[in-house]
Amino acid sequence: MTLANDPLSPSGTSPEALIEALLAGETLLAESPNHVLQVVGVLQSYGDVLDAYSNNLIYQGEHQFLNLFPIYRYLDGRVTPGRLWKHLIHDRINFEYAEYCQKAMLWHGTGGLDAYLDSAAFLTTCERVIALKRRRDPILALLHPLFPEFIVEQIRSITTIHALGQFWRVMSDLFLDLAAAWRRGQVGSIAAVVAFIRDGLVAAAANPITYSVEVGGETIRILPPEARLTFLADVAVPYVEAVFLRGMPFLGTVSFNAQAWAIPHDQEQFRYGALFADPLPVMGAGIPPSLLMQDMFRHLPEELHDWYRSQGRGDGDVHVKICMSFQKSMFCVTNAAIAGTFPHPLDSSDPGQAEANRAYAEAWVGRLMGARLDALPACGG
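All letters in the sequence shown, in the order written, are residues 1 to 381 by the UniProt record's numbering.
And the structure:
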């Protein structure tokens, strides 16, 4: 079966070809100088944005814990008239996109982090937190008997916020290091980009994901070391699942009427993530990635911005161009994540290991069918 008749797929691309490419250690995104410029440049701007996202999410986790009205949560604890004014006129990083990603992770709930958030150990911790908070917070003391699951769900949410902040801390540093390596001439191809990201993910794979808060003078370990949650398996891979693959439909783009059947009833069938997204609605009202594209536009490296100006309408459609480059870069990140998580070395001569690797590649390619595979071929050199 080929994808030649699939309008979203490049002519001649087949599932088997993608599987063989992954097993051979080849890249999904085609090699071209323009692709390298776009991917490295857009990841540099994304790294700058993720730095702000990470700092803010970790601040929220540590200083806005069970704050039911966190109206200043985007200000990182620095509330001044000038910062409030910039916030109101949107002369700031749009942290709403970070919230969209966090909600997607929490709602889709895959991987080790989500499993722990439903564990008996986590619920026991929540009971201890609630007991301490109810003594000092009359609103929570009133709400908990009426809605017993409400506070637990709030703790799950803020825990996911902090874990996502830890994940983005690693990714921000990795993307900025990639841009620096490119400028030093150490990265000059898409294969080198994917290898750089893969090596960074593997190096951080075992980083522990922990989270503690101060409640009533006590330190409560919400995600204790004993949970053995790690960066790659328990946060990075679930993030790819929730944000790159599944996502959530944007208001105004599809019908939410249950009778229209426009949205799958099964969350596993969702295809609204970054790898499936149509770039054309970027900057439309109610489209969360529009906020990210605006943030990235403000941090574009000059080399990439000059290239965008030379293409077609110049800055007239720059946000759409950024979105398209960003999608290419996310295919590279996905490629790196797949390469870094094969169950066995790709050069293994053991038939059983080779078969396990093939099954792993087939599973991933099955997920990628229907994605914007037309972003992969080289265009214009």
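We put the beta carbon where it would ideally sit given N, CA and C, even for glycine.
Item: Burial state of residue 12, where buried means 16 or more other Cβ atoms lie within 10 Å; Value: With a pLDDT of 40 at residue 12, under the threshold of 50, the modelled position of this residue cannot be trusted; read the value that follows with caution. Burial call: exposed.
Item: Beta-carbon gap between residue 240 and residue 207 smaller than 9 Å; Value: no
Item: Integer Cβ distance of residue 49 from residue 93, believed to fall under 8 Å; Value: 7 Å
Item: Bridge-paired residues (DSSP) for residue 211; Value: 223
Item: Endpoints, the alpha helix (DSSP H) within which residue 256 is located; Value: That residue, residue 256, is in no alpha helix (DSSP H); it is neither H nor E in DSSP.
Item: Chain-order list of residues whose beta-carbon lies under 8 Å from that of residue 358 (same chain, five-residue window excluded); Value: 19 and 23
Item: Contact set for residue 228: own chain, Cβ-Cβ below 7 Å, skip 5 residues either direction; Value: none
Item: Contact under 9 Å by Cβ, residue 256 with residue 264; Value: no
Item: Terminal residues of the alpha helix (DSSP H) in which residue 318 lies; Value: 318 to 340
Item: Between the CA atoms of residue 98 and residue 277 - distance to the nearest angstrom; Value: 17 Å
Item: Contact with chain D by residue 132, beta-carbon distance below 9 Å; Value: The chain labelled as chain D is not found in the depicted structure, where only one protein chain is given.
Item: Cut-off 8 Å between Cβ atoms - residues of its own chain near residue 366, not counting five sequence neighbours on either side; Value: 15
Item: Sub-9 Å separation of residue 388 and residue 339 beta-carbons; Value: This structure leaves residue 388 out entirely; the chain is present only between 1 and 381.
Item: Alpha-carbon to alpha-carbon, residue 129 and residue 201; Value: 33 Å
Item: Cβ shell of residue 360 (< 7 Å), same chain only, five flanking positions each side left out; Value: 342 and 343
Item: Cα-Cα separation between residue 164 and residue 231, rounded to whole angstroms; Value: 10 Å
Item: Alpha carbon of residue 216 to alpha carbon of residue 235, nearest angstrom; Value: 29 Å
Item: Integer Cβ distance of residue 382 from residue 28, believed to fall under 8 Å; Value: No answer is possible for residue 382: the residues shown for the chain start at 1 and end at 381.
Item: As assigned by DSSP and simplified to three states, the class of residue 159; Value: helix
Item: Three-state secondary structure (DSSP) of residue 384; Value: Coverage of the chain is limited to positions 1 through 381, which leaves residue 384 absent and any answer about it impossible.
Item: Residue environment, residue 86, which counts as buried when at least 16 other CB atoms sit within 10 Å; Value: exposed
Item: Identified DSSP bridge partners for residue 218; Value: 215
Item: Within the stretch 120 to 192, ranges of the alpha helix (DSSP H) (whole runs, at least 4 residues); Value: 120 to 134, 138 to 146 and 150 to 183
Item: Simplified DSSP state of residue 275, which is helix, strand or coil; Value: coil
Item: 7 Å Cβ shell around residue 330 - same chain, five flanking residues per side excluded; Value: 244, 274 and 275
Item: Straight-line gap, residue 32 to residue 328 (C-alpha atoms, nearest Å); Value: 12 Å
Item: Classification of residue 108 by the beta-carbon crowding that lies within 10 angstroms, buried from 16 upward; Value: buried
Item: CA-to-CA distance, residue 183 to residue 72, given in whole angstroms; Value: 38 Å
Item: Residue 124 burial status per 10 Å Cβ neighbour count (16 or more: buried); Value: exposed
Item: Between the CA atoms of residue 268 and residue 371 - distance to the nearest angstrom; Value: 15 Å
Item: Per DSSP, cross-strand counterpart(s) of residue 230; Value: 208
Item: Residue 45 and residue 291 closer than 9 Å at C-beta; Value: no
Item: Residues that DSSP places opposite residue 251 in a beta bridge; Value: 254
Item: Stretch-stretch touch, CB-based, cutoff 8 Å, three pairs: the stretch 130 to 141 with the stretch 114 to 121; Value: no
Item: Buried versus exposed call for residue 349 [16 or more other C-beta atoms within 10 Å across all chains shown]; Value: exposed
Item: Straight-line Cα distance separating residue 77 from residue 63; Value: 8 Å
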